[in-house]
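Novice: Take this structure, written in structure tokens, and hold onto it; I'll ask about it next.
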Amino acid sequence: MRKTLFARWRASFFAGLAVTLPAIVSVAAVVWLFRTASNFTDTLLFFLKIVLEKKDIYVNGQSGDMFWYWSVLAFALAVILISLVGLLARYYIGKRMLEWLDTVMMNVPLLNKVYGAIKQLNAAFSGNKNSFQTVVLVEFPGPGNYSVGFLTNEAQGEVQKKSGKNLVAVFIPTTPNPTSGFLILVPEEKITKLDMSVADGIKYIVSLGSIAPEPLPAKSSSSS
């Protein structure tokens, strides 16, 4: 029986969606990240108010969002400044300055809590040997629902002792912003370790699942 016009349109729509969705999601994620970053980097162009009129800086002519090209300039300036800090950190005087700044930040009440937490999270995403160990699959947020997470610790000290169970710590990032998430304690037998690398796991989460690493080929046993 010949397909109806609606059935043909529906088939074409879902075929097109499967092709374009990864690109749409990736572009949307980049735009979101840029807009989020520009909220901070735009402040680097505070000097524009001295040399230009407000109508040449802001979209509404007074305040708020800058024209997109100023945001791009601010973002580029932030990249240059971060690169200079990284270059400086390679030398003795730069290391001493960063150590002094780190000491100051860690001794300011309240600020030290936030700074310390962000520092630890940054170390985790930077591949620190004491951070993310393995990409795992766990039932979360409920039975029958699965989430990709990162095994962070297999020994829980007091938690392990008082629960009487062999628990492991798993960090479940949110998407597309993986810097926040949930820490859950799961019985070791309830997790499924995946073959994907930590970097691939982060890309999978940031891309909303549209960038999935190819499964590794099964190892063939050598015949004797």
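Using the numbering used here, you'd call the opening residue of the sequence shown number 13 and step up by one each time.
Virtual Cβ for every residue (Gly too), placed ideally from N, Cα, C.
For clarity, every value in this text was computed on a predicted model and none was experimentally measured.
Residues bridged to THR146 by DSSP?
Specialist: According to DSSP, which records beta bridges pairwise, THR146 is partnered with LEU163.
Novice: Give the DSSP-derived three-state secondary structure of LYS141 in the structure shown.
Specialist: Model confidence at LYS141 stands at a pLDDT of 48, short of 50, so the residue's coordinates are unreliable; what they give is reported in the following sentence. In this structure, LYS141 counts as coil in the three-state DSSP scheme.
Novice: Return helix, strand or coil for MET318, following the three-state DSSP convention.
Specialist: No statement about residue 318 is possible, as the shown extent of the chain runs from 13 to 236 and does not include it.
Novice: Please go through the same chain and pick out, in chain order, the residues whose beta-carbon is closer than 8 Å to the beta-carbon of ASP54, but skip the five residues on each side of it.
Specialist: Excluding sequence neighbours, ASP54 sits near MET78, TRP82, SER83 and ALA86.
Novice: Distance check for LEU29 and GLY76, CA to CA, integer angstroms please.
Specialist: Looking at the two C-alpha atoms, the distance is approximately 35 Å.
Novice: Since TYR158 sits in a beta bridge, which residues does DSSP pair it with?
Specialist: According to DSSP, TYR158 bridges with GLU151.
Novice: Contact between the region 174 to 192 and the region 113 to 128: three or more CB pairs below 8 Å?
Specialist: The answer is no - the region 113 to 128 does not touch the region 174 to 192, with fewer than three Cβ pairs under 8 Å.
Novice: For LYS173, collect the residues of the same chain with a Cβ closer than 8 Å to its Cβ; drop the 5 residues on either side in sequence, then sort them by chain order.
Specialist: Contacts found: none.
Novice: Pull up the DSSP beta-bridge partners for ILE184, would you.
Specialist: The partner list for ILE184 (beta bridge, DSSP) reads PHE194.
Novice: Check LYS205 in the structure and name its three-state DSSP category.
Specialist: Strand at LYS205.
Novice: Using C-beta distances below 8 Å, list every residue in its chain close to PHE220, excluding the 5 sequence neighbours before and after it, in chain order.
Specialist: Inspection of the sequence shows that residue 220 is occupied by Leu rather than by Phe. VAL37, ALA41, THR187 and PRO188.
Novice: What is the C-beta distance between VAL150 and ILE203, in whole angstroms, given that I count them as a contact (C-beta under 8 Å)?
Specialist: Their Cβ separation, rounded to whole angstroms, is 5 Å, which keeps VAL150 and ILE203 in contact under 8 Å.
Novice: Residues bridged to TYR70 by DSSP?
Specialist: In the DSSP output, where bridge partners are listed per residue, TYR70 has MET78.
Novice: Apart from the five residues on each side of it in sequence, which residues of its chain come closer than 8 Å, Cβ to Cβ, to LEU206?
Specialist: The residues are THR146, VAL147, VAL148, LEU149, VAL160 and GLY213.
Novice: Where does LEU99 fall in DSSP's three states?
Specialist: Reduced to three states, the DSSP call for LEU99 is helix.
Novice: Return the CA-CA distance between TYR158 and PHE152, expressed in angstroms with no decimal places.
Specialist: C-alpha separation (whole angstroms): 5 Å.
Novice: Do ILE69 and LEU56 have their C-beta atoms within less than 8 Å of each other?
Specialist: Taking 8 Å as the Cβ cut-off, ILE69 and LEU56 do not qualify as a contacting pair.
Novice: Buried or exposed: which applies to LEU163, given that a residue is buried once 16 or more other Cβ atoms fall within 10 Å of its Cβ?
Specialist: The residue is buried, with at least 16 neighbouring Cβ atoms inside 10 Å.
Novice: For SER234, which residues of its own chain have a beta-carbon under 6 Å away from its beta-carbon, when the five flanking residues on both sides are left out?
Specialist: Note that SER234 scores a pLDDT of 46, beneath 50, so its modelled location is shaky; the value from the coordinates is reported in the next line. Within the same chain, SER234 has no close Cβ partners at all.
Novice: Under three-state DSSP, which class holds PRO225?
Specialist: Three-state result, PRO225: coil.
Novice: Which same chain residues, not among the five before or five after TYR216, have their C-beta less than 8 Å away from its C-beta?
Specialist: VAL160, MET208, ILE223, ALA224 and PRO225, listed in sequence order.
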